[in-house]
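Engineer: Chains as they are written, first to last, in our numbering: chain A, 4 to 886; chain B, 121 to 340.
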Ligand SMILES: Nc1ncnc2c1ncn2[C@@H]1O[C@H](COP(=O)(O)OP(=O)(O)O)[C@@H](O)[C@H]1O
Ligand SMILES: [Mg+2]
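Following this line, the structure appears as structure tokens:
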């Protein structure tokens with residue numbers, strides 16, 4: 004009985020649908036547009052998330068969940084049997100190459116099985132992986148370029164590398180290659196497993212992990228079923244087979260690795276912000292969709308009310324009628340959502356590059372995650388569902404008798420009386436618009452939303468402040484080794500110092516007007532400062548050390564005159580760079596007077612306020628220890644470790660570093676200065692000081708050039724830009740640059756991204772608004788057809804009627820524009836703080852220009868549509884319409 | 121004085137086999153102040169004739185002269201303006217504007233013409249038709265008889281040359297019908313109005329000065 008019932012309801016819903024084609028099309032279009040917006044939103048969001056995660060994998064060198072590394076073959080055979088892996092693979096180390104031409108790269112010569120090659124993104128673009136038993140090898144383009152080998156399959160090339168610290172040179176045939184990834188931690192030459200054995204035999208070595216002879220050792224990479232407990236699972240596996248990963252001195256020690264990108268992918272603060280933005284957008288789309296879909300369904304229900312009344316008369320229950328309405332909505336939603344998903348994904352794929360282009364280090368990849376479609380479908384369906392609730396209730400509630408009189412007019416004129424005033428087409432228009440206030444307001448809101456989004460887009464992009472954006476840019480150009488500019492936490496290293504021949508090449512362009520070098524202390528160079536106890540303790544506290552730990556350090560740390568040893572971020576600056584510093588206190592010119600003055604660097608907060616961020620005040624003395632090397636020792640026993648001992652040191656054994664072969668110099672702080680962010684190390688580890696470069700070089704000649712900064716002659720900026728972009732892509736690939744011109748382009752393209760996204764969004768919302776307006780207008784004129792005939796019969800001219808309809812349209816048009824104006828004025832304080840907090844380079848500039856620009860568009864829509872409908876209507880004579 | 125005159129009036133709907141001669145060569149002359157009843161079977165062409173006399177529809181052939189003006193020589197807009205000044209309609213289904221109050225409905229033709237209604241005249245009509253207490257009501261809250269009285273007031277408001285009423289009592293019970301027709305007659309006499317009224321009801325038809333009978337679009 005119940006089943007038959009359902010069937011019957013479905014059939015009724017279906018037949019209703021077939022009866023109202025225009026309404027169906029309008030509803031499907033509205034649902035599809037809503038679904039498009041959701042799909043675009045999720046396509047872009049998930050693509051960006053994927054991009055970030057993928058960038059993390061590439062930095063780690065692999066997307067595998069984890070690995071057990073440096074295993075003997077037997078250990079590998081044992082551990083690979085664990086049932087926890089979803090997939091796994093082997094990688095065998097043969098050798099490493101770190102001498103010229105690979106001194107700046109990190110090249111590993113390994114065998115990787117297919118699975119590991121895939122885990123590590125070593126998939127050949129041309130050719131294949133090397134075949135067993137041959138002298139083939141595959142390599143990335145960076146390796147080939149450094150070797151000076153053309154990437155042609157079948158080319159023979161020689162390469163020298165070390166197998167367990169013993170030099171060997173081999174000639175291989177290139178079997179395949181792939182594009183090197185700048186983000187990857189290493190470059191690769193892949194050889195067959197047979198060749199690994201061959202090499203070991205040739206140099207006469209064996210694998211001995213404890214002695215640091217890693218050649219021939221296995222790495223077991225794997226994916227688990229789930230990325231949330233990688234480390235725990237690893238420990239479980241190790242334990243099962245009798246291994247441990249804590250104490251390397253034990254025989255059963257196995258080293259494990261965990262891919263941190265998976266853990267990092269979980270919520271952090273930045274993500275929380277993005278999720279809020281995405282949710283905000285989703286809410287906006289739900290609201291937009293609700294306004295139009297609800298309006299369409301409601302009008303359709305009211306028009307069909309007599310039919311529902313009839314169904315009631317013949318015994319259909321409320322529940323059943325509700326179900327019929329829902330069923331109709333869901334059938335339409337099914338079509339609309341599918342159309343929306345397809346079109347939306349296409350648009351999303353087009354817009355994703357616009358977004359990812361703005362994000363450093365993210366490869367443009369449009370996500371193909373099914374989650375996109377799932378989320379978009381669920382959100383769209385939710386919107387349709389809440390839009391159908393009220394119409395379903397109206398249909399269910401209507402009494403059979405009421406239904407006969409339930410016209411749009413009757414339903415709203417609950418009023419009995421009306422103050423009589425002079426009748427005019429304008430007043431009649433107002434009355435008509437006011438017939439159903441809720442409908443009028445939602446229609447206006449629907450139109451308002453698009454204008455608001457457009458206006459907000461304009462305000463944001465208009466608030467982009469070039470001066471603010473460039474406030475840290477103190478030189479026209481800065482040239483340095485590429486890692487210096489990367490935001491990924493590379494420490495400055497002496498191997499990455501700017502070479503003099505590069506500086507000469509730049510000067511040879513004759514485009515430079517004024518220039519200077521800034522020297523830095525590399526990560527393998529050793530200069531120390533001595534800080535007061537408070538500073539020392541507070542820096543330890545900042546690193547979350549326990550009191551016990553702090554006491555231990557205070558007891559054992561090297562001291563001079565009661566001050567404690569600490570690292571230092573020391574600069575040696577040429578005049579050009581020094582001049583960019585802002586003097587907070589003291590006299591910077593004293594630096595030039597003698598060799599014994601130093602400037603202390605203070606940081607500034609986001610609002611440009613100088614922070615108390617250096618222990619040294621003007622007049623204080625600062626002692627620096629310049630060392631040529633360090634040694635490692637046990638602070639408890641004083642025992643100095645050898646390099647081999649260092650390798651095998653258990654994790655809990657204290658191991659401290661201290662300078663050897665050093666000399667100390669004491670300076671007086673002559674000035675407190677602030678450096679623009681761009682001119683610093685670009686990371687902060689220790690309190691910073693600046694010396695003139697000549698003074699630094701005298702004490703520490705091995706200091707390297709961290710960056711070369713210069714201004715370009717008037718009008719030669721573009722010429723220099725062309726030179727640099729060419730130079731850093733063709734001649735000196737390790738180098739990169741920043742220029743005022745590039746910063747400006749950056750901001751412009753950033754601006755463009757917001758404009759494109761914002762305009763696209765407001766366009767779609769606008770179309771939705773217009774559809775809503777069209778539908779409301781169409782039905783309102785349709786239901787008043789007879790009323791207009793009466794008016795014409797008693798003497799209203801076509802002109803007057805048109806004037807009335809245009810006035811109605813104008814009320815909608817200007818109503819929604821005024822609403823937009825009002826809302827944006829009300830939103831101003833919120834917008835101001837949001838814009839300035841979200842984008843540090845913004846200076847809020849309010850604007851209403853887009854709203855004003857929309858006036859003609861709205862006038863055209865507001866007037867054009869009713870007039871077109873009027874002309875359609877009067878094709879029938881008054882008499883015909885009166886019947 | 122002849123206020124309305126129709127000559128060789130024809131209205132043909134459809135073509136070929138479907139051709140319907142709704143009005144087929146009607147000649148009439150109506151004197152000022154006459155109260156004419158039009159009777160005939162359903163589908164005989166009464167309404168069509170009335171619509172043509174009032175300029176609501178254009179004839180296939182023939183002329184209608186109202187107050188000395190050949191109304192079909194006028195363009196649509198001008199015809200509409202002429203209609204609101206010279207012709208008052210009363211329909212079977214009242215045809216009031218639902219969003220306007222009773223008073224606004226009554227003075228609608230006058231105000232659409234951009235004129236101020238003649239207060240004492242309108243007051244008089246309202247008085248006679250007994251609508252004084254209903255002026256600020258919306259039409260939907262009135263009974264059928266009341267609504268038809270509002271329609272009559274509206275037809276009279278512009279002091280037209282002629283009032284055309286198409287079965288004004290068709291939706292009313294017989295008692296109310298008598299009242300409404302009585303009022304129509306009283307007001308038309310009081311303001312010496314010319315009235316053409318279609319009716320099915322012989323008794324009501326007898327109240328007219330003259331009875332026109334129509335059959336298959338022809339006067340008999
Ligand atoms: N718009 C129209 N199209 C076609 N035929 C029509 C139309 N209006 C009226 N008719 C026909 O014209 C004839 C006269 O109609 P009508 O004047 O309404 O008759 P009455 O009012 O006397 O009942 C009828 O046969 C009717 O079917
Ligand atoms: Mg009729």
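We put the CB at the ideal spot given by N, CA and C, even for glycine.
Please tell me whether residue 257 of chain B has its Cβ less than 8 Å away from any Cβ of chain A.
Structural biologist: As a working mapping, residue 257 of chain B is identified with position 137 in the second chain. Cβ-Cβ to chain A under 8 Å: yes for residue 257 of chain B.
Engineer: Should residue 825 of chain A be labelled buried (16 or more other beta-carbon atoms within 10 Å of its own) or exposed?
Structural biologist: Numbered from its first residue, the first chain carries residue 825 of chain A at position 822. With a threshold of 16 other beta carbon atoms within 10 Å, residue 825 of chain A falls short and is exposed.
Engineer: What does the alpha-carbon distance come out to for the pair residue 502 of chain A and residue 482 of chain A?
Structural biologist: Here the question's residue 502 of chain A lines up with position 499 in the first chain. Here the question's residue 482 of chain A lines up with position 479 in the first chain. Their backbone Cα atoms lie some 11 Å apart in a straight line.
Engineer: Using a Cβ-based criterion (distance less than 7 Å to any ligand heavy atom), does residue 336 of chain B qualify as near ligand 2?
Structural biologist: Locating residue 336 of chain B in the second chain gives position 216, counting from the first residue. No, Cβ of residue 336 of chain B sits at least 7 Å from all heavy atoms of ligand 2.
Engineer: Residue 802 of chain A touches chain B at which residues, Cβ-Cβ below 7 Å?
Structural biologist: Looking up residue 802 of chain A in the first chain gives position 799. Per Cβ cutoff of 7 Å: 197.
Engineer: Tell me the rounded alpha-carbon separation between residue 754 of chain A and residue 712 of chain A.
Structural biologist: As a first step, residue 754 of chain A must be located in the first chain, where it is residue number 751. As a first step, residue 712 of chain A must be located in the first chain, where it is residue number 709. Whole-angstrom Cα-Cα distance: 27 Å.
Engineer: Does residue 797 of chain A have its Cβ less than 8 Å from a Cβ in chain B?
Structural biologist: Counting from one through the first chain, the residue named residue 797 of chain A turns up at place 794. Judged by the 8 Å Cβ criterion, residue 797 of chain A is in contact with chain B.
Engineer: Mind pulling the chain B residues with CB within less than 8 Å of residue 438 of chain A?
Structural biologist: The residue given as residue 438 of chain A occupies position 435 in the first chain. Under the 8 Å cutoff, chain B gives 219.
Engineer: Closest Cβ-Cβ distance between residue 876 of chain A and chain B: below 8 Å?
Structural biologist: Along the first chain, one-based indexing puts residue 876 of chain A at 873. For residue 876 of chain A, the answer is no, since every Cβ of chain B falls outside 8 Å of its Cβ.
Engineer: Would you check if the distance between the CB atom of residue 33 of chain A and the CB atom of residue 295 of chain A is smaller than 8 Å?
Structural biologist: Reading the first chain from its first residue, position 30 is the one you call residue 33 of chain A. Reading the first chain from its first residue, position 292 is the one you call residue 295 of chain A. Contact: yes.
Engineer: Taking its Cβ as the centre, do 16 or more other Cβ atoms sit within 10 Å of residue 136 of chain B, making it buried, or is it exposed?
Structural biologist: Numbered from 1 along the second chain, position 16 holds the residue referred to as residue 136 of chain B. The residue in question, residue 136 of chain B, is exposed, as its Cβ has fewer than 16 Cβ neighbours within 10 Å.
Engineer: Tell me whether the beta-carbon of residue 332 of chain A lies closer than 8 Å to the beta-carbon of residue 401 of chain A.
Structural biologist: By 1-based counting over the first chain, the position of residue 332 of chain A is 329. By 1-based counting over the first chain, the position of residue 401 of chain A is 398. Not in contact: residue 332 of chain A and residue 401 of chain A (Cβ atoms no closer than 8 Å).
Engineer: Looking at C-alpha atoms only, which residue of B:274, B:335, B:283 is the closest neighbour of residue 156 of chain B?
Structural biologist: Taking the second chain and counting its residues from 1, the one referred to as residue 156 of chain B is at position 36. It is B:283 whose Cα lies nearest to the Cα of residue 156 of chain B.
Engineer: Spell out the partners DSSP gives residue 224 of chain A in its beta bridges.
Structural biologist: Here residue 224 of chain A refers to the residue found at position 221 of the first chain. The bridge partners DSSP lists for residue 224 of chain A are A:70, A:92.
Engineer: Can you tell me whether residue 324 of chain B is buried or exposed, with buried defined as 16 or more other CB within 10 angstroms of its CB?
Structural biologist: Locating residue 324 of chain B in the second chain gives position 204, where the first residue counts as 1. So residue 324 of chain B ends up on the buried side.
Engineer: On the DSSP letters alone, give me the boundaries of the alpha helix (DSSP H) that residue 870 of chain A sits inside.
Structural biologist: Taking the first residue of the first chain as 1, we reach residue 870 of chain A at position 867. Note, residue 870 of chain A: alpha helix (DSSP H), 852–876.
Engineer: Identify the contact partners of residue 187 of chain B in chain A, using a Cβ-Cβ distance below 7 Å as the criterion.
Structural biologist: Here residue 187 of chain B corresponds to residue number 67 of the second chain, with the count starting at 1. Ordered by position in chain A, no residue passes the 7 Å Cβ test against residue 187 of chain B, which lies about 15 Å from the chain.
Engineer: Just how far apart, CA to CA, sit residue 709 of chain A and residue 765 of chain A?
Structural biologist: Translated into positions along the first chain, residue 709 of chain A becomes position 706. Translated into positions along the first chain, residue 765 of chain A becomes position 762. Spanning the two alpha carbons is a distance of roughly 46 Å.
Engineer: Examine chain B for any beta-carbon lying closer than 8 Å to the beta-carbon of residue 884 of chain A, and answer yes or no.
Structural biologist: The residue labelled residue 884 of chain A in the question sits at position 881 within the first chain. The beta carbon of residue 884 of chain A sits no closer than 8 Å to any beta carbon of chain B.
Engineer: In angstroms with no decimal places, state the Cα-to-Cα distance between residue 258 of chain B and residue 395 of chain A.
Structural biologist: Taking the second chain and counting its residues from 1, the one referred to as residue 258 of chain B is at position 138. Taking the first chain and counting its residues from 1, the one referred to as residue 395 of chain A is at position 392. Spanning the two alpha carbons is a distance of roughly 30 Å.
Engineer: Chain B partners of residue 435 of chain A, CB-CB under 9 Å?
Structural biologist: Taking the first residue of the first chain as position 1, residue 435 of chain A is located at position 432. The answer, in chain order, is 219.
Engineer: So, using beta-carbon positions, are residue 227 of chain A and residue 88 of chain A closer together than 8 Å?
Structural biologist: One-based indexing of the first chain puts residue 227 of chain A at position 224. One-based indexing of the first chain puts residue 88 of chain A at position 85. Yes, they are a contact pair.
Engineer: Quick one: Cα of residue 887 of chain A to Cα of residue 878 of chain A, how far?
Structural biologist: This structure cannot speak to residue 887 of chain A, because chain A is shown only from 4 to 886.
Engineer: Within the continuous alpha helix (DSSP H) that includes residue 825 of chain A, where are the two ends?
Structural biologist: Start at 1 with the first residue of the first chain, and residue 825 of chain A comes out as number 822. First-last of the alpha helix (DSSP H) with residue 825 of chain A: 801–841.
Engineer: Could you list which residues in chain B have their beta carbon closer than 8 Å to that of residue 426 of chain A, in chain order?
Structural biologist: Numbered from its first residue, the first chain carries residue 426 of chain A at position 423. What residue 426 of chain A touches in chain B: 220, 224, 227, 228, 231, 232.
Engineer: Pull out every residue of the region 169–184 of chain B whose Cβ sits closer than 9 Å to any Cβ of chain A, in chain order.
Structural biologist: 171, 174, 176, 177, 178
Engineer: When Cβ atoms are compared, which residues of the region 774–790 of chain A fall closer than 7 Å to chain B?
Structural biologist: 790
Engineer: What is the rounded straight-line gap between the Cα of residue 771 of chain A and the Cα of residue 30 of chain A?
Structural biologist: Here the question's residue 771 of chain A lines up with position 768 in the first chain. Here the question's residue 30 of chain A lines up with position 27 in the first chain. Those two C-alpha atoms are separated by around 11 Å.
Engineer: Whose C-beta lies closer than 8 Å to the C-beta of residue 158 of chain A among residues of the same chain, with five residues either side of it excluded?
Structural biologist: To locate residue 158 of chain A, count along the first chain from 1; it is residue 155. Excluding residues within five positions, the ones whose Cβ falls inside 8 Å are 152, 176, 177.
Engineer: Note down, in chain order, all residues in the region 314–325 of chain B with a beta-carbon under 9 Å from any beta-carbon belonging to chain A.
Structural biologist: If you check each beta-carbon in the region 314–325 of chain B against every beta-carbon of chain A, none falls closer than 9 Å.
Engineer: Taking only heavy atoms of ligand 1 into account, decide whether any of them is closer than 7 Å to the Cβ of residue 322 of chain B.
Structural biologist: The residue labelled residue 322 of chain B in the question sits at position 202 within the second chain. Because no heavy atom of ligand 1 lies under 7 Å away, the Cβ of residue 322 of chain B does not count as near it: no.
Engineer: In chain order, what are the residue ranges of uninterrupted alpha helix (DSSP H) at least 4 long that sit wholly in the region 134–200 of chain B?
Structural biologist: 166–173
Engineer: Taking Cβ to Cβ, would you say residue 46 of chain A is nearer than 8 Å to residue 286 of chain A?
Structural biologist: The residue labelled residue 46 of chain A in the question sits at position 43 within the first chain. The residue labelled residue 286 of chain A in the question sits at position 283 within the first chain. Contact: no.
Engineer: Scan the region 206–254 of chain A and note each continuous alpha helix (DSSP H) run of 4 residues or more that stays entirely inside, going in chain order.
Structural biologist: 233–243
Engineer: Which residue from A:681, A:702, A:433, A:43 puts its Cα closest to that of residue 740 of chain A?
Structural biologist: Position 737 of the first chain, counting from 1, holds the residue named residue 740 of chain A. It is A:681.
Engineer: Report the residue ranges of all beta strand (DSSP E) runs contained in full by the region 578–605 of chain A; include only those spanning at least 3 residues, in chain order.
Structural biologist: 585–589, 600–605
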